[in-house]
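Take the sequence shown: its position 398, counted from the start at 1, is 398 in the UniProt record's numbering, and no numbers get skipped.
Below is one structure, written out as structure tokens, with a few remarks after it.
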Amino acid sequence: VVYEQDGVFIHSSCAKNDDQDSLIAGILRVIEKENEVVVDWRPLDETLDTSNILCAGKDSSSVVEWTQTPKEKCFRGTDRPSSYEAEWDMVSTVSFKKKPHSNGDATTHANGESKWSFLFSLTDLKSIKQNRKGMGWSYLVFCLKDDVKLPALHFHRGDSKLLIKCLEKHVALDESPDHERVLLVKTQKSLSQSFENLLDEPSYGLLQKLKRDPYTVTMGRFSKVTNYIFDSFRLSDPSNQRRPPSEMADLINDTIPELKINQQEEPGFEVITRIDLGKQPEVSRREPVSAEEWAKNMDSEGRILDVDYIKRSIFKGGLCHTLRKEAWKFLLGYFPWNSSKEERANLQKRKTDEYFRMKLQWKSVSEEQEKRNSRLRDYRSLIEKDVNRTDRTNKFYEGEDNPGLILLHDILMTYCMYDFDLGYVQGMSDLLSPVLYVMENEVDAFWCFVSYMDQMHQNFEEQMQGMKTQLIQLSTLLRLLDSGFCSYLESQDSGYLYFCFRWLLIRFKREFSFQDILRLWEVMWTELPCQNFHLLLCCAILESEKQQIMDKHYDFNDILKHINELSMKIDVEYILCKAEAISMQMMNCKELPQAVSEILGIESSSVTPDSDTGEDESGAELNCPTSLYQSISTPVIAANGTSDSTQQISETQSLTPA
């Protein structure tokens with residue numbers, strides 16, 4: 001029992017509120033079971049008598065009244081263990097009938113008492129209606145997903161806020177846009193509404209959104225949100241008015257328990273002492289890989305001759321647009337790198353059949369079936385809402401009845417059939433949009449999206465573990481790169497780097513222009529020059545903004561606002577060069593901390609920059625694959641800005657993980 005409150009009444013006759021006989025006193029409980037959470041109300045004078053429970057089970061289409069027949073009573077022996085679940089005990093021994101129920105109807109049993117007990121699972125809850133503020137006793141009305149309303153529960157001793165707070169630990173609730181007194185249950189706690197402009201929201205509403213839905217709020221425009229955050233906390237708790245600003249971030253951390261990072265408990269944290277990484281080398285980028293260069297690297301059967309060379313070339317320069325449709329299928333893992341043209345054609349045939357089988361699954365669901373499948377309804381609703389506002393300024397998706405929008409919708413719905421446990425979570429349309437734009441083909445776009453989601457899956461899981469891990473890793477890398485900047489961020493209560501949340505969640509999709517994202521993603525998909533290169537991109541952006549943040553003494557609020565306003569203002573080529581330079585700087589470090597080595601995927605950290613033996617000082621072989629730069633003839637720019645086209649970077653100067 002995680003919540004219990006007595007003095008919770010049902011008013012069986014609303015017209016006779018003063019008549020005590022019309023009030024049924026009871027106890028309300030919220031009970032955590034192994035696989036579900038249930039809400040249970042029963043009169044005070046009632047013992048556990050399952051014959052009068054109104055039970056809304058997972059498979060029921062309405063609230064039902066258990067009705068025990070005389071014949072069946074004899075089968076209920078006393079030999080059942082007392083811990084046996086009451087409602088499951090009844091399944092094999094009672095029949096039941098549907099019972100329409102409204103607030104004013106009572107069920108009169110043979111003993112003359114009104115029996116109103118009910119229990120339901122939170123998975124069946126659709127909405128909660130609250131009374132108007134200042135209007136008598138606080139009361140709540142639960143509405144279930146089959147539109148059955150349970151009797152209003154009146155809280156005569158205190159209000160219902162504690163119950164709402166308890167329920168929010170298990171389901172996400174949001175104010176209905178149509179009725180301010182109605183709280184709607186959201187199907188995905190992690191991402192439950194589209195990325196909105198929150199400028200016009202009242203400060204209290206913003207606070208509640210932050211508490212209930214950190215994904216959406218952090219995806220929103222920080223520049224318009226953060227100015228309200230502190231006011232919201234102060235308004236909601238008068239004691240906060242006396243708190244110094246340094247304590248306010250702790251309050252925000254408390255409102256996002258899923259993301260709160262405990263450095264003592266989380267694996268991967270390591271105390272990083274100050275290490276001299278040396279000067280960052282200056283690097284340059286090459287021209288994008290052309291169709292001619294791609295074709296030259298294929299044999300007569302369509303196999304790629306030198307996969308490492310192609311990957312290195314894409315990392316250093318990206319791809320010309322005409323080549324993306326083919327090359328992205330390799331980069332995302334849809335096509336095996338060693339496959340022939342014929343093998344790829346056969347694969348596409350099989351994958352086309354598989355795709356349309358899954359598409360038919362949701363296409364063939366009738367309206368009647370969908371009425372009984374709340375998750376599919378919720379997925380469809382979210383997808384339709386998001387599709388209508390995804391990249392609508394792009395010509396591929398602009399205008400009404402655009403075929404691109406139809407494909408976007410159908411692919412996302414089919415993905416729900418592919419991975420029904422995850423289904424659709426808002427943000428996924430942002431990841432699909434560029435893929436579909438490049439592929440211009442429903443089936444190919446779907447399977448490339450599936451491969452991309454395999455990489456991004458943890459970002460969208462309810463427990464946020466993927467996001468939590470990445471924020472920890474980013475903090476570790478940034479501390480090695482610039483411990484002074486990290487200390488400054490911590491002094492401004494920004495040490496958890498929550499302002500990078502949106503970057504990581506959808507891989508910078510909202511930070512760069514559409515065309516720049518195509519370039520950035522294809523570079524990241526090469527998985528060069530190390531694993532978790534996207535974290536080094538974060539480091540590169542933060543290091544570029546460090547001077548302004550520290551010189552102008554930005555506080556918590558200013559940092560969030562400044563980072564958000566970088567959107568569409570970042571030079572993608574500059575950041576790629578800087579992130580690559582950081583990777584070289586770290587991988588050339590003689591004493592790279594173990595935590596950093598693991599994040600970047602480097603097994604040995606005792607390599608000297610000028611080593612050319614492939615062995616460390618102890619004679620052990622290094623796990624060092626072909627260097628990123630081994631076959632690239634791009635001139636290396638020295639730290640002083642002069643070019644030396646004859647200078648070569650040795651293999652061990654830039655360790656690249658397998």
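Just so it is clear, CB atoms sit at the ideal spot from N, CA and C, and this is done for glycine as well.
Taking the C-beta atoms as reference points, tryptophan 41 is found nearer than 7 Å to phenylalanine 118.
In this structure, Val1 is the residue among Gly26, Ile27, Leu44, Val1 with its C-alpha nearest to the C-alpha of glutamate 34. Under DSSP, the beta-bridge partners assigned to tyrosine 3 are Val30. According to the DSSP assignment, proline 403 belongs to the alpha helix (DSSP H) that extends over 403-418. Residue range 533-551 is occupied by the alpha helix (DSSP H) that includes glutamate 545. Of the residues assessed, lysine 316 falls on the buried side of the cut-off, its CB having 16 or more other CB atoms within 10 angstroms. According to the DSSP assignment, aspartate 174 belongs to no alpha helix (DSSP H) but to the beta strand (DSSP E) extending over 172-175. With a cut-off of 8 Å on Cβ pairs, the region 2-12 is in contact with the region 157-175, counting three or more such pairs. Within the DSSP secondary-structure output, proline 43 pairs in a beta bridge with Gly26. Closest by C-alpha distance to histidine 179, out of Arg380, Ser127, Leu436, Leu150, is Ser127.
Per DSSP, reduced to three states, the secondary structure at serine 487 is helical. For the pair tyrosine 424 and glutamate 301, the Cα-to-Cα distance works out to about 39 Å. A residue is called buried once 16 or more other Cβ atoms fall within 10 Å of its Cβ, and histidine 11 is buried on that count.
Under a 10 Å Cβ-count criterion, tyrosine 574 is classified as exposed, with fewer than 16 other Cβ atoms of the shown protein chains found around its own Cβ.
Excluding its 5 nearest sequence neighbours in each direction, methionine 568 has C-beta neighbours in its own chain below 8 Å: Glu511, Phe512, Ser513, listed in chain order. In the assembly as shown, serine 487 is an exposed residue. Its beta-carbon has fewer than 16 other beta-carbons within 10 Å. Beta-bridge annotation (DSSP): valine 182 is paired with Lys129.
With fewer than 16 neighbouring CB atoms inside 10 Å of its own CB, histidine 321 falls in the exposed class.
Within the region 550-579, the runs of alpha helix (DSSP H) that reach at least 4 residues and sit entirely inside it are, in chain order, 556-564. Taking C-beta separations shorter than 8 Å and ignoring five residues to either side along the sequence, the partners of asparagine 338 in its chain run Arg303, Ile304, Val307, following chain order. The three-state secondary structure of tyrosine 334, taken from DSSP, is coil. For serine 290, there is no enclosing beta strand (DSSP E), as DSSP marks it with neither H nor E. About 28 Å separates the beta carbon of phenylalanine 449 from that of tyrosine 498, a gap too long to meet the 8 Å contact definition. For phenylalanine 512, no beta strand (DSSP E) run applies, since DSSP gives it neither H nor E. At the C-beta level, cysteine 539 and cysteine 500 stay beyond 7 Å of one another. Between leucine 173 and cysteine 143, the alpha-carbon positions lie close to 13 Å from each other.
In this structure, the straight-line span from the alpha carbon of glycine 466 to that of proline 43 is close to 45 Å.
Residue pairing by DSSP places tyrosine 139 opposite His154 in a beta bridge.
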